[in-house]
Each structure stands twice: as structure tokens, then as C-alpha cells.
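Residue numbers (this note's numbering): 3 to 571.
Backbone N, C-alpha and C fix where the C-beta goes; we use that ideal spot for every residue, glycine too.
Step one of this worksheet: look at the structure below.
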């Protein structure tokens, strides 16, 4: 974290007296106050620094032991509080549009900070220090201060310890999160100060605020170092091509929640030929550098446990039932039986699994090597659509950059049951971008162009085709014809075919992309649109989505025009 003196110097560039945010003038001194308060917190007598072993033993007293020997914890808040998350800082940080609730948070910020800075001198806190990443370029120090006024909140410290690295040799900035779960519910808010590497979590006990809080600050600071934070999983694939030669490929998999990003990041794709296989590297956030390397961040993967099946997802299932796994908001009965399919508590059940529990599929490094050290790099954008989007599309660099900006999917029941099935978009499939989103797209496009001879880009639709929906006058959604879903083994076969180079491609009759004509292990005729719609319906649905994409892209005025044009793919 920057010192108070450094903060003053930095924020003066925003104006001699302060900066405007949401129509309110905020004094630069606020950032200095935050920095000073966090620096002081480290040495206060109410802050303890137990060992990871002591924290684990203390936390497990408040968990439910499962029949597998691991523990499940239940939080009061079961999702991230995105609607009350506010970025505070200069023009390159502040959110461009504010809801009424966020405006109220900004209006109350000076008074809120006074209350927080008084409270942190009174309540008991536990401090844990970890490192994000394992490399000699960018591996920030991450310090969590969690209030244990409610003693069971020590579990948050345990979960951070199981996610990040204990390595004390950090490289780069220092990040601090101050967690006060017992803050009044009516005043729940997440205050992010990216420029000084501080986040305040007030009124939430959901672990995702800690995990994403550190990663959010990491992605912003990586961008200041000309890297790009990607919300993506990474893996190394060894696959035998048509010529019989074994190739070593990197793979980067983008995807929003519930699209299958982690599922396919942690799948072996049945690559069982001689010398073939996969090495699972990361499942959530990496920092993409100019040489094409992707620097990993975590040793523990925070997975969705909904529907976890040992027959379909054996790697994830085995890791989630290992003794070192941590479950969160999963239903566990009084005998320790675990019900991954039961959504009584929430549709957002989670688990922290250890990379080491992936066995032979774990890569030795959490970093994807530079492109020059690979035979190729596959970049896959996972979307989840149910009507006319092809199951697999091969993209040009411009189309890939457009796919990055579109970040499209549909709302899942886990993220918001009331909006299930509705279209949702998130630039880079990354809800944690701070600053200009157009800049992210331009950086991505330049990276892909720089390595265009080695990078192949694809859009993978893990939803399906054929759905027909009608709406009542009040907007209520009714499914008239159910989607024909692509199954996990089918998508695994498609990825295997991409890696081996065995897919037979054709120009798509409706989209300006190439799509598979034949894939080993998949009956592609199942997904022919003519089986579900007549020609007029197909053209209408394709035209509607193409127009929606084009209109969405118009908001990014700073985006390279070739990317905006490519959105009509």
C-alpha cells in the first residue's frame, strides 16, 4: 500500500482540492485518511496474527463436518453485493454511471469513513497475509483484516489462507481488505479504493467479497503495468495432430458465472492418446502479459458446486470431496451427507478446492508460458445461448475482440432467479473491470494481433439451440419449446477436436464465421437450426441478435472501429 505522503502526491493530480464523483466533490484527504487508518491498523492492540494452523482450527469449530472430513460454512449473505459496490478515486477509476443507491453511498462516504475508522480501533480483528501469484514480475501482497466481533467470521481468514499463497516474497503492490461483517444491514456497502490498494467490506460475510476484492485490485494495478487482467481459466494441452506430431498448446477459457468456465478449465477432454493430456493451470483470473504468458493468481479454486457429478466432472468432484476442500452454503445434513444438487439454501453453493487435489492433472506452475514456448494458444469464449448461436465458431482476431467486448450469456438461476433466461453482457466476461472498458478491448485486440500466427480464437456455446419463448403482456417469460442442450462430454469432444486439429470446418449459412461440419464424438446434426425453426424464424432470430450486438457496441466510443464492426459476426 502507498504511504500517506505518496497518496497526497498521487491524488493531487486529480485537482488541488479534490475530485468530482457522482456530482459530489470528494476531498483528496479522504484517500489519505483511508491509507493512514489501514497503516495504523497493523499495529493496534486489538489486531491478532494467529498462524494458519490456529486459524483453521478456530474456524472449523464453527463449520459442519462432512462425511468426507472437510467442512461446510454457511454465510448470511450468499452472493456478492454488486449493487452496493462503489469505486472511489480519480477519473480513471470512478464508475461512469451511478444508481441512486451508489449516489447515496458516495454522499455518505465522509461520515461512513469516520465511523469505520473509529470502529476498527474497538472491535477484535484477525490479520492474515498472503501473496497473489507465484512469479518474479507481479505477485502482490494481500493482507486481510477481518473483524471477529462475531467469532465465526474467522472462517473468512481461513478461506483466504486456502486460496492465496503463504509465500512472503511478494513482487509489486500491497493490497488491504478490511472486513466488517457485522456492519448494519441497511448500510451494507463495498468501498473500493483501487489507487491505494484498499477495499472496505461492510455488512457482508460472503467470502466472494474477499476473493474478488483482492483480484479486482490486482487487475487494475496489472493494467497500470501494461498487462491485462483476464477473468479466465488456463490450461496446457498436449494433443496429437493429424500429422501424428504431439503439440503443446496453451488454452485460455473466458466465461461468465454458470457458463462452464471452471468445468472445462478442469476437464481432461478425454485426451488419452500416447503422450496426450492436460495440465490444469488456473480457473478464474490471470494477468496476460505482452509476451503472451498468463500469470496465475491462486492455489485454491473457488468453484460452483451446483450439480457437481462424479461421473461428468470427476476431477472437480474428487477435489471438492477431499479433506482440504472448504464448502460454502452447500446443504449438509446432520450426518454429514452432502447434497450438491439441493438449492434450498441457495443456487450459489461454492467450494474452495486445492490445485494439489487435482492429482496428475495439476500443472507444476500456475503460470501459462509465453507464446514462443508453445506450439499455439487457444482462446475460447464460452457463451450460454439457447436459440441460434452456433455450438462452436472459429473467430478472426477482430471477431475475437468483439466477443471479448460482448461478453454475452444469459442470466442463470444461481445469479438471479428472477431474471433467469434473460440476456446478459459483461465486457471480458469480467464484472470486476475498473476504468475504461474500451481500453480493455483495444489492449486485448493488440495482444491477439501481436501473436496472430500462434493464437486461434473460438466461441463455444455451452447452452444449446432450438428454444422458443413467448412473453405475456407483463413480460412474464414462457418456454414454448425447450432448448436442445450441448452436453459436457460433447463440448469436451469439440475442444479435443480443436486441440488435435481434426474438426472439419464449413462457412456457416447464417453467421459470418466458420462452424464445424464434422466433429469426432459429436452428432452435429443435433444442432442444425432447420430442425427447430423455419427459414423466416432463423433469419429473424439471427438478425435480432446481430442488431442487439451492434447496438451494444456503439456505447464504446473509444473502441477500435474494426472491433465494433466485427460484432455483426
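Own chain residues within Cβ distance below 6 Å of residue i, not counting five before or after
i: residue 70; result: 323
i: residue 236; result: 254, 283, 284, 288, 296 and 370
i: residue 454; result: 399
i: residue 31; result: none
i: residue 465; result: 386, 387 and 388
i: residue 319; result: 310 and 312
i: residue 419; result: Per-residue confidence for residue 419 stands at a pLDDT of 49, beneath the threshold of 50, marking its modelled position as unreliable; the derived number appears in the next sentence. Result list for residue 419: empty, nothing under 6 Å.
i: residue 201; result: 179, 194 and 215
i: residue 555; result: 566 and 569
i: residue 1; result: For the chain, the structure presents residues 3 to 571; residue 1 sits outside this window and is missing.
Residue nearest to residue i in terms of C-alpha spacing, selected from the options
i: residue 208; options: 284, 158 and 554; result: 158
i: residue 343; options: 310, 92 and 365; result: 310
i: residue 152; options: 397, 64, 352 and 300; result: 64
i: residue 130; options: 545, 104, 170 and 108; result: 170
i: residue 300; options: 36, 379, 161 and 429; result: 161
i: residue 456; options: 379, 500 and 411; result: 379
i: residue 290; options: 430, 28 and 203; result: 430
i: residue 142; options: 168, 408 and 272; result: 168
i: residue 263; options: 358, 81, 462 and 405; result: 462
i: residue 239; options: 186, 412, 274 and 261; result: 274
i: residue 122; options: 394, 333, 250 and 38; result: 38
Continuous beta strand (DSSP E) stretch holding residue i: start and end
i: residue 518; result: 516 to 520
i: residue 149; result: 143 to 149
i: residue 241; result: 230 to 242
i: residue 535; result: That residue, residue 535, is in no beta strand (DSSP E); it is neither H nor E in DSSP.
i: residue 382; result: 378 to 385
i: residue 129; result: 127 to 133
i: residue 564; result: Note, residue 564: premise wrong, no beta strand (DSSP E); alpha helix (DSSP H) at 563 to 568.
Proximal residues to residue i (C-beta, below 7 Å), its chain only, five neighbours per side dropped
i: residue 540; result: 390, 512 and 531
i: residue 89; result: 95, 96, 97, 194, 196 and 436
i: residue 67; result: 73 and 338
i: residue 396; result: 460, 507, 515 and 516
i: residue 402; result: 381, 450 and 459
i: residue 331; result: 76, 77, 80, 347, 348, 350, 351 and 352
i: residue 213; result: 165 and 304
Terminal residues of the alpha helix (DSSP H) in which residue i lies
i: residue 94; result: Premise fails: residue 94 is in no alpha helix (DSSP H) and is neither H nor E.
i: residue 441; result: 439 to 452
i: residue 406; result: 399 to 408
i: residue 460; result: Element bounds for residue 460: not the alpha helix (DSSP H) but the beta strand (DSSP E), 457 to 463.
i: residue 186; result: From DSSP, residue 186 is part of no alpha helix (DSSP H); its letter is neither H nor E.
i: residue 202; result: Not the alpha helix (DSSP H): residue 202 falls in the beta strand (DSSP E), residues 200 to 204.
i: residue 37; result: 31 to 43
i: residue 104; result: 102 to 109
i: residue 524; result: Where residue 524 is concerned, there is no enclosing alpha helix (DSSP H), given that its DSSP letter is neither H nor E.
beta-carbon residue i near the ligand GDP non-hydrogen atom, thresh 7 Å
i: residue 495; result: The ligand content of the structure shown is nil, which means the ligand GDP is not present either.
Proximal residues to residue i (C-beta, below 8 Å), its chain only, five neighbours per side dropped
i: residue 269; result: 280, 315, 317, 490, 494 and 497
i: residue 520; result: 505, 506 and 526
i: residue 560; result: 438, 440, 441 and 444
i: residue 293; result: 372, 373 and 374
Assigned exposure category for residue i - 16 Cβ within 10 Å defines buried
i: residue 219; result: buried
i: residue 247; result: exposed
i: residue 48; result: exposed
i: residue 223; result: buried
i: residue 85; result: exposed
i: residue 478; result: exposed
i: residue 230; result: buried
i: residue 233; result: buried
i: residue 425; result: exposed
i: residue 45; result: exposed
i: residue 278; result: buried
i: residue 361; result: exposed
i: residue 533; result: exposed
Which ranges would you report for the beta strand (DSSP E) in the segment 473 to 522 if only whole runs of at least 3 residues count? 479 to 483, 506 to 509 and 516 to 520
What ranges does the alpha helix (DSSP H) occupy inside the segment 248 to 316, keeping only unbroken runs of at least 4 residues that lie completely in it? 263 to 267
In chain order, each alpha helix (DSSP H) run of at least 4 residues that lies wholly inside the segment 314 to 368: 316 to 322
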